[in-house]
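**Student:** Have a look at this one.
Protein chains in written order, with this note's numbering: chain Y, 1 to 499; chain W, 1 to 499.
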C-alpha cells in the first residue's frame, strides 16, 4: 500500500513535469517563432496551463502520500527519499501563498514589467516608480507568507525559491569577501592592461549564416546533442525546453561575432546540464537541476573557464578565421585572448567581464535587501544606484536607463535572484579547478576541441546528481569544500595577473 | 442566475479552447521544429493535455448549465443559442464513449499506424492486416456507442464526428451522381488533352529560398496576415495553430516548384478560414470552423478555382519567371495552364487532379462502408482496391504500397473522413460560382493579384459565420441551394471541355 502511495505520488509529479514541459515549449515558441499577433492568445494558453499546474502542485493529498511512501522506502534509497524531500519542498512552496496573493502578485508584476519596458526606453524612472512600490510591497508580503510557511527569515524564503537551502547569511559572508578583494584587484588588472597592446575586435560584416555555422560546429564540439536540442534566434539568449529537447537561443550581430559566439557557449553550458540530468528521474522533482547557482555555474564554467582559456581560443582561432575568411592581426590568438579577457569599468551588468560582474551583483543585492527592509525608498533608488556603482565599480551612469532601469528582474518581481549569478561564478571556479585536478588532461583536450573529458566529469559530479544532493553537498563531494571564494580569486589572479 | 450559468459555461469552453490551442502549437512544433529525440517526451505532454481536455469536455455539469443558460437567452440571439447547441454537441460526442473504449482505441490506432509506416515502406500489407482488423473492430464499437448516444445510424455517427449533421444517405446521393458523370467525362477530357500541346514542367533547380520568397509574396497577395501566422516546412503540408496565430507548412522540391506553390495556396485557403472566424467567438464552440467539408471547400476554392484560373496564372507567370529567372516556352501562361490543369488516370489520391480525385474518394468511401459493415474482409481489401480503382479510374496499382497502403487514414482509425474531401470540392465549386455572381469583379481582381473582393465575400458568407449555422444553412444562404453536384460539373465542363 505504501509502495502504491509512492507510485501515486510519482504519477502526480510526472503530470506536473508534462505541464511544465508543455509550458516551456510554448514559452520558447513565444520568444522565437510566434508572430506578434499571437501574443494575447498565447498568454491565455499559458495562464490556463499555469492554473492547472498550480492546482496539481497544491494537491492536498501530497503530504499524506509522501508520509505513507517514506515508510516503505529503503533508507539507503537516496533517489526515492530525495524525491520525496524535493516533492514536499515544491508542495510547501506552492502552498505557502494564499490564492489571492498569487493573483495580486501576478497582476502587479505584469503591470510593472510592461511599464518598465517603456520607462526604460524613455529613461523615465518616475513613470514606473509607483508600480515598483506596489511590486515591492507584494514581494514583502510574499516573503512573509513564505517565511511563515517554511520557517525561514523572509529574505531567505525568497532565496529558497530560486536556490533551495541558500540563506542570506551565506551570501553576506561570501559577498563581504569579494567586496574586500575585488576593487583593489580590479585596479591592478586595469593597470596591467594598459601596458599590453589594445584588443582589436575583428571587423565584420559577419553573415548570420556563417556565424550560425560556426556556432553549430562549436555546439557539436562541446557535446550539445542535436538529436535532443536545437539553436535558434531570440532577442535575449536563453535556454528552454526540456532535458530531452533543449532549446537554446542567441542573437547575431553582423558587425561583431565574438559576443554571440560566447552567448552560444554560455547557453550550451546550461543545456549540457539539462541534457545530463539523470535520465530515469527527469520527470520527478529529484531529477531536476539543483537551483540557479548550480545552473549558472554550468554556463559560466563553459563560457568563462573552458572557453576563454588559451587552449580553447587556440582551437577557436583557425575555425573562426575559416568561417569568416579573417586575416590579419585581429585574428591572432593573442589578440582574441585580449578581446575575450578585456576588463573594464562598465555601466551594464550583462556586458560586464568576470572581474567586475560580481560588483554589479553586489550592488543589486545590497539595494534589494534595503528596498525589502524598507530602509531604502523607491524614490531614492536612482541616487543610491549611482552612488553604489561609483563606489563599487568606479563609474557613474549618466542616466537611469543605463542605471537602475537596466535590468528586468525587480520590475518583474524577482527579488532574491541576483545573488545566484555570482554564487554561480564562485561555484564554476571551484568546479573547474576540481575537474582539472581530477582529470589533468582537460585543458589539453579542450585545446584539441575535445570536451568529453570535461563534460564526462561534470556528468558524473554535477549533471547526473540532479537534486539528489543539496548544492553544498554537490560542491563538497565534487570539490572537497563548501562554496567559497578561494578558487574564484585564484582563478582571477592567475588569469589576469599571471600570479 | 441563468446569465451566470451562461457565463460559467463560456468559461469552461474558453479553458478548453486554451488547451486545444496549446496542443495545436505543440503538434505544429512536433512536425516542424522538434528534434527527433524529443518525440517521447512530447507524446507524454500531449497525452497529459489530452487527458485534461477530455476531463474538461466531459464535465457532467455542462448539460444542466446549458439548460439553465438557454432559458435566459433572447430567442433572437443566434450566437449564444448556437453556442449552447455546439457546446452540447461537443459534450455529447465526448461523453458517447466509455473511457476504456477511448483507451483501447487510442492504443490500437497508434499501434496500427506505426506498423503501417513500415508496412507501406516494405509493400507488405499482410504485416499490418491483423492490426487493421483490430482497428476496424474498434471503429465498429465506437460507431455503435456514438450511434446509441447520438440517436444516429452507426456510420452517420462517424461522419458526424468530422462534419456535424452530415449523413451517409446524402453522401450516397451525391456520389451516385458523380459516379455516373465522371468516368464518361474523364474519357472526353483525356481525348481532348491529347490533341493539345504537351505540358512542359519548368526545369529547375529552384532554390528553396527563392521558392519561399515567391510563396511569401503570394501569401501576402491572398491576404494571409503574417502578423497572425507563419509559413514553415514539414514533411506533409498542413494548417495548424489557432485563429490568432495560424501555422501553415509546405515542403520544397528543388526540381519542381509548381506543386509546393500550389500546396502553399491550398493551406492558405484553410488559413484564411481560420483567420476569418468571428473574432469575438473564437474561443467558443460556435466560433469554430464548421466542419471538414467547409474547411476543405476553402482550401480547394483557393487552390482549384481561384488559383488555377487563367486570370491567376496570368498574374503568377511574370512573378514566377522573375523569382527563378525562367525563360522559354515552359514559362508561358498557356503552358503553365497546361501544367496546372493536366488530367490523368493516376494511382495516388494526393497527386490526383480535380477530375479524378472524386473517383479516388468514392473508391475509399465504398470500401470503408463495406469494411465497417463486415461485407468486405481485410484480407480481401488489396484485391477489392485493385478492382475498384480499375473500374473507377481505369488504372490498376502494381503493388499495395501504391494501392490500399497509400493513405494513413484507416490505419490511424479515421473512418468517415474521406468523403469530406469530395464534398469540399462540391462546396468549393458552388461557393466560387456564387461569389462570382455576387461580385463580378472577382476574376479580374485576381488577375491583378487582388484577392480582397473574393476574401471579403468569403469572410461575410463563410468564415465569419463560424458554426452559427449548419453546413447546409451556410451553403443555402451563400449560394441559394443546398450542397449539390451541379456547380462542380459545370465548372469541370467549362474548364476542361470549354463548353
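Glycine included, every Cβ here is placed at the ideal spot set by N, Cα and C.
1. Can you tell me where the beta strand (DSSP E) with residue 61/Y in it begins and where it stops?
2. Shortest alpha-carbon distance to residue 139/Y belongs to which of 260/Y, 203/Y, 414/Y?
3. Here's the rule: buried if 16 or more other CB atoms are within 10 angstroms of the residue's CB, otherwise exposed. What is residue 375/Y?
4. Establish whether the CB of residue 151/Y and some CB of chain W are separated by less than 7 Å.
5. Whole angstroms is fine: what's the gap from residue 42/W's alpha carbon to residue 490/Y's?
6. Of all the options 439/Y, 448/Y, 427/Y, 434/Y, which has the alpha carbon lying nearest to the alpha carbon of residue 174/Y?
7. Sort out for me which residues DSSP pairs residue 231/W with in a bridge.
8. What's the C-alpha gap between residue 45/Y and residue 410/W?
9. Between which two residues does the alpha helix (DSSP H) carrying residue 223/Y extend?
10. DSSP puts residue 241/W in a beta bridge; with which residues?
11. Mapping DSSP to helix, strand and coil, what is residue 493/Y?
12. Which chain Y residues sit within Cβ distance under 7 Å of residue 48/W?
13. Indicate whether residue 418/W and residue 357/W have their beta-carbon atoms separated by less than 7 Å.
14. Thinking C-alpha only, which one of 275/Y, 130/Y, 182/Y is nearest residue 112/Y?
15. Answer with buried or exposed for residue 354/W, where buried requires no fewer than 16 other C-beta atoms within 10 angstroms of its C-beta.
16. Run down chain W in chain order and give the residues with a C-beta less than 7 Å from the C-beta of residue 34/Y.
17. Do residue 486/Y and residue 493/Y have their beta-carbon atoms positioned less than 7 Å apart in this structure?
18. Would a check of beta-carbon distances place residue 230/Y closer than 7 Å to chain W?
19. Going along chain Y in order, which residues have a C-beta closer than 8 Å to the C-beta of residue 52/W?
20. Indicate whether at least one CB of chain B lies closer than 7 Å to the CB of residue 8/W.
21. Rounded to whole angstroms, what is the Cα-Cα separation between residue 388/W and residue 260/W?
22. In whole angstroms, what is the alpha-carbon distance linking residue 235/Y and residue 283/Y?
23. In chain order, what residues of the same chain have a beta carbon less than 7 Å from the beta carbon of residue 339/Y, not counting five sequence neighbours either side?
24. So, is the C-beta of residue 45/Y closer than 7 Å to a C-beta in chain W?
25. Counting only Cβ pairs nearer than 8 Å, list the residues of chain W close to residue 40/Y.
26. In its own chain, which residues sit with a C-beta less than 8 Å from the C-beta of residue 369/Y, not counting the 5 before and 5 after it?
27. Just verifying my parser: in three-state terms, what is the DSSP assignment at residue 288/Y?
28. Any contact of the segment 269–279 of chain W with the segment 60–68 of chain W, i.e. 3+ C-beta pairs under 8 Å?
29. Quick check: is the beta carbon of residue 22/W nearer than 7 Å to any beta carbon in chain Y?
30. Which of helix, strand or coil does DSSP assign to residue 453/Y?
31. Please tell me whether residue 467/W and residue 86/W are closer than 7 Å, where the distance is taken between their beta carbons.
32. Suppose you measure from the CA of residue 36/W to the CA of residue 227/Y; what does that come to, to the nearest Å?
33. For the alpha helix (DSSP H) holding residue 275/W, just list the boundary residues, first then last.
34. Quick check: the Cα distance between residue 469/Y and residue 82/Y, rounded to an integer number of angstroms?
35. Beta-carbon within less than 7 Å of residue 401/Y's beta-carbon, same chain only, minus the 5 sequence neighbours each way: which residues are those?
36. Do residue 273/Y and residue 289/Y count as a contact pair if the criterion is CB distance below 7 Å?
**Tutor:** Judging by the given coordinates:
1. No beta strand (DSSP E) holds residue 61/Y; DSSP gives it neither H nor E.
2. 414/Y
3. exposed
4. no
5. 44 Å
6. 427/Y
7. 248/W
8. 32 Å
9. Residue 223/Y -> no alpha helix (DSSP H), and no H or E assigned at all.
10. 246/W
11. helix
12. 15, 18, 19
13. no
14. 130/Y
15. buried
16. 245
17. no
18. yes
19. 52
20. Although the question refers to chain B, the structure presented lacks it and instead comprises the protein chains Y and W.
21. 30 Å
22. 29 Å
23. 199, 201, 258
24. yes
25. 244
26. 155, 168
27. coil
28. no
29. yes
30. helix
31. yes
32. 6 Å
33. 257–275
34. 8 Å
35. 120, 123
36. yes
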